[in-house]
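Right, one structure below, let's go through it.
There are 4 protein chains.
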Amino acid sequence: MKKPHQKPEAAAPVLTIDQMHAFLDEVFPQLGGKDNRAFIVEDISPMAARVRMAYHNRQLRPGGTISGPAMFTLADLSIYIAILGQIGPVGHCVTTSLNINFLAKPEPRDLIAYCHVLKIGKRLAIAEVSLFSEGSEDLVAHATGTYSIPSP
Amino acid sequence: MKKPHQKPEAAAPVLTIDQMHAFLDEVFPQLGGKDNRAFIVEDISPMAARVRMAYHNRQLRPGGTISGPAMFTLADLSIYIAILGQIGPVGHCVTTSLNINFLAKPEPRDLIAYCHVLKIGKRLAIAEVSLFSEGSEDLVAHATGTYSIPSP
Amino acid sequence: MKKPHQKPEAAAPVLTIDQMHAFLDEVFPQLGGKDNRAFIVEDISPMAARVRMAYHNRQLRPGGTISGPAMFTLADLSIYIAILGQIGPVGHCVTTSLNINFLAKPEPRDLIAYCHVLKIGKRLAIAEVSLFSEGSEDLVAHATGTYSIPSP
Amino acid sequence: MKKPHQKPEAAAPVLTIDQMHAFLDEVFPQLGGKDNRAFIVEDISPMAARVRMAYHNRQLRPGGTISGPAMFTLADLSIYIAILGQIGPVGHCVTTSLNINFLAKPEPRDLIAYCHVLKIGKRLAIAEVSLFSEGSEDLVAHATGTYSIPSP
Chain E
1 MKKPHQKPEA AAPVLTIDQM HAFLDEVFPQ LGGKDNRAFI VEDISPMAAR VRMAYHNRQL
61 RPGGTISGPA MFTLADLSIY IAILGQIGPV GHCVTTSLNI NFLAKPEPRD LIAYCHVLKI
121 GKRLAIAEVS LFSEGSEDLV AHATGTYSIP SP
Chain S
1 MKKPHQKPEA AAPVLTIDQM HAFLDEVFPQ LGGKDNRAFI VEDISPMAAR VRMAYHNRQL
61 RPGGTISGPA MFTLADLSIY IAILGQIGPV GHCVTTSLNI NFLAKPEPRD LIAYCHVLKI
121 GKRLAIAEVS LFSEGSEDLV AHATGTYSIP SP
Chain P
1 MKKPHQKPEA AAPVLTIDQM HAFLDEVFPQ LGGKDNRAFI VEDISPMAAR VRMAYHNRQL
61 RPGGTISGPA MFTLADLSIY IAILGQIGPV GHCVTTSLNI NFLAKPEPRD LIAYCHVLKI
121 GKRLAIAEVS LFSEGSEDLV AHATGTYSIP SP
Chain Y
1 MKKPHQKPEA AAPVLTIDQM HAFLDEVFPQ LGGKDNRAFI VEDISPMAAR VRMAYHNRQL
61 RPGGTISGPA MFTLADLSIY IAILGQIGPV GHCVTTSLNI NFLAKPEPRD LIAYCHVLKI
121 GKRLAIAEVS LFSEGSEDLV AHATGTYSIP SP
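Protein chains in written order, with the numbering used here: chain E, 1 to 152; chain S, 1 to 152; chain P, 1 to 152; chain Y, 1 to 152.
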């Protein structure tokens, strides 16, 4: 069952993976910096991004699963990356809302976020994200988030 | 950017389009019945369904666009159809929550919902839906919804 | 357990109930007009509104309960009324997202929405709504919605 | 504008603040333990809880504001505390979904969550949370979350 093709607004991204990493290292130094990145951008495509969250035992919760806030962080950041990949490293692009559904308890492994931007408007950008454990075909969480785009 | 394959739980649907229409006509007679269906099931695939909402001018809002409640109705019903296509016509399968984002004002035309079930658990089923105007590649709304599955 | 007081931005509403009804009758004639209103504004207070949805059997679903789309319509409209009560009858104030949780199956009676605006910003207004059946203390649904505010 | 009274199901909480702290210290040792709690339960009332998140500079984001994931963590945890205050320290009570709206950028200070449980059902519990900066009357975020309740 195929959805209609994306519109031509899905232009080529304006940032490479290296440029995105450099920008994130500068803006969010608490995420580890280039020698110890907690979040690795694996792909930036038109209106999309794939981001890996490296497993760390501080993400653990009882039962050996990864915490909800860690999954939220990955979902939120991957939306930010997918949007900025498309519009460039604008400052003041902030989350206005995020809705997340937790579907399965992820094992203690890296998590991979697949983010697709649904719309980039003049004021708001909206994206959806699917989270998978590395090497697994089970969806562990799904989120939809909205970012406020600053006026030019 | 491809997501991991769906798991084998995506078994063949258990209802055909005709069976689904017959079930809906019986359970929701107010949706028009077989001679005047407001919602037409166009496809039932593994963990997915496509549903068309026939345009009617009572759906109109100022500016010639389709009302939010009409889009909500289509999103909610398409999730119901996609889930029941997979688990059969169980009674008492009810919406517990629905989150909808309105992305563009649809023109006064049929709307098409593409619904994908994200998970069918023992208690809950979760799905996401994209709404398009007929013949358009613009996403007009996106929703995520959860249904409660009755105990067997 | 008391929350902090609302800020002084909770100024007096700028529309009376009669003015709001007149505006709604003009903009949404399909809601019944003054002789047959489906939705009755019962109160407009600072950053709040109470709206009644008159029961009609077209809202019924199997089991004698009121449909989700009817509850969505009430939630969405009550947010619109609460916001416009505060900022006046501006055109082009549209829902950008709505998240609704269905908590109990309402009986076939009038539903009452209690809406509180959480924030009116320059671009977005956000509100939360609680729906009760008339004469009941059971919450039947709760929603949070965001409207886009047009630029002045 | 007063909502209907809460139903009598709002029975007295079954855990005191000290019991809740002891339970959290045991289950979530990574939250700091009794000598260094990151989250302090300030009140447990019928169907409600107030929880403080102590400010720490690792929560900071560019512009001197507190990160979205930190606010998510507080919202999620306060719902957990409010529910467990009512049903006791059951294991395996997990978030199934959370919807959060960010309304203002909080200053680098403690954040206080006011959580009200909307419903405790047999399978699901739903609550809403308002986050304020200490000493401020500005709402900085609002969330609605659902937890899965384990079968007895």
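Positions of the beta carbon are idealized from the N, C-alpha and C atoms, including for glycine.
Check whether residue i and residue j have beta carbons under 9 Å apart
i                : j                : result
Ala84 (chain S)  : Val51 (chain S)  : In the sequence as presented, Ala is not what sits at residue 84 (chain S); that position holds Leu. In this structure, Val51 (chain S) does not lie closer than 9 Å to Leu84 (chain S) by Cβ.
Asp110 (chain P) : Ala54 (chain P)  : yes
Gly68 (chain Y)  : Arg58 (chain Y)  : no
Tyr114 (chain P) : Ser136 (chain P) : no
His56 (chain E)  : Arg37 (chain E)  : no
Phe132 (chain S) : Pro4 (chain E)   : yes
Ile149 (chain P) : Asn99 (chain S)  : no
Exposed unless 16 or more other CB atoms sit within 10 angstroms - verdict on residue i
i                : result
Lys2 (chain S)   : exposed
Pro29 (chain P)  : exposed
His142 (chain S) : buried
Ser151 (chain P) : exposed
Thr95 (chain Y)  : buried
Val41 (chain P)  : buried
Val14 (chain S)  : exposed
Val140 (chain Y) : buried
Cβ neighbours of residue i in the same chain (closer than 8 Å, five flanking residues each side left out)
i                : result
Gly63 (chain S)  : Lys105
Glu134 (chain P) : Arg52, Arg109, Asp110, Leu111, Ile112
Leu124 (chain P) : Thr96, Thr146, Tyr147, Ser148, Ile149
Thr16 (chain Y)  : Ile44
Ile81 (chain E)  : Met20, Leu24, Val41, Ile44, Ala49, Val51, Cys115
Residues that residue i contacts on chain E, provided the C-beta gap is smaller than 7 Å
i                : result
Arg123 (chain S) : What Arg123 (chain S) touches in chain E: nothing, since even the nearest Cβ is about 12 Å away.
Pro69 (chain Y)  : Pro69, Phe72, Thr73, Asp76
Residues that residue i contacts on chain S, provided the C-beta gap is smaller than 8 Å
i               : result
Thr95 (chain Y) : Within chain S, no residue comes near Thr95 (chain Y); the closest Cβ sits about 13 Å away, beyond 8 Å.
Arg50 (chain E) : Met1
Close beta carbons around residue i, own chain, < 6 Å, minus the five adjacent residues each side
i                : result
Asp138 (chain Y) : Ala104
Phe23 (chain P)  : Pro89
Ala70 (chain Y)  : Gln59
Ile66 (chain S)  : Gln59, Pro106
Pro8 (chain P)   : Any answer about Pro8 (chain P) is weak, because its pLDDT of 49 lies below 50 and its placement is not dependable; what the coordinates show is given next. So no residue of the chain qualifies.
Asp25 (chain P)  : Gly33, Lys34
Amino acids of chain B, ordered along the chain, whose beta-carbon sits closer than 8 Å to that of residue i
i               : result
Gly32 (chain P) : No chain B appears in the structure shown, which is made up of the protein chains E, S, P and Y.
Rounded Cβ spacing between residue i and residue j (contact assumed at less than 8 Å)
i                : j               : result
Ser97 (chain E)  : Phe39 (chain Y) : That belief does not hold up - the Cβ atoms of Ser97 (chain E) and Phe39 (chain Y) are roughly 23 Å apart, past 8 Å.
Met145 (chain P) : Asp76 (chain P) : Reading the sequence as shown, one finds Gly at residue 145 (chain P) and not Met. Correct: roughly 6 Å between the Cβ atoms.
Ile126 (chain S) : Gln86 (chain S) : Not confirmed; about 12 Å, so no contact.
Where residue i meets chain P, residues with beta-carbon distance less than 9 Å
i                : result
Asn99 (chain E)  : Ser97, Asn99
Arg58 (chain S)  : Gln30
Tyr114 (chain Y) : Met1, Lys2, Lys3, Pro4
Under 9 Å from the C-beta of residue i: neighbouring residues of chain E
i                : result
Val142 (chain S) : Correcting the residue type first, residue 142 (chain S) is His in the shown sequence and not Val. The answer, in chain order, is Leu118, Lys119, Ile126, Glu128, Thr144.
Tyr147 (chain S) : What Tyr147 (chain S) touches in chain E: nothing, since even the nearest Cβ is about 12 Å away.
Neighbour list for residue i in chain Y, Cβ cutoff strictly below 9 Å
i                : result
Val27 (chain E)  : Arg61, Pro62
Phe172 (chain P) : Not covered by the structure: residue 172 (chain P). The range shown for chain P is 1 to 152.
7 Å Cβ shell around residue i - same chain, five flanking residues per side excluded
i                : result
Ile79 (chain S)  : Cys115, Ala127, Val129, Gly145, Tyr147
Leu118 (chain P) : Ile126, Ala127, Glu128
Leu11 (chain S)  : For the record, residue 11 (chain S) in the displayed sequence is Ala; it is not Leu. Result list for Ala11 (chain S): Pro46, in chain order.
His92 (chain E)  : Pro150
Under 7 Å from the C-beta of residue i: neighbouring residues of chain P
i                : result
Leu139 (chain Y) : Leu118, Lys119
Leu103 (chain Y) : Leu118, Lys119, Ile126
Per-residue contacts from residue i into chain E (C-beta, under 8 Å)
i                : result
Ser136 (chain S) : Pro4
Chain P contact residues for residue i, given Cβ-Cβ distances below 8 Å
i               : result
Ser45 (chain Y) : Met1
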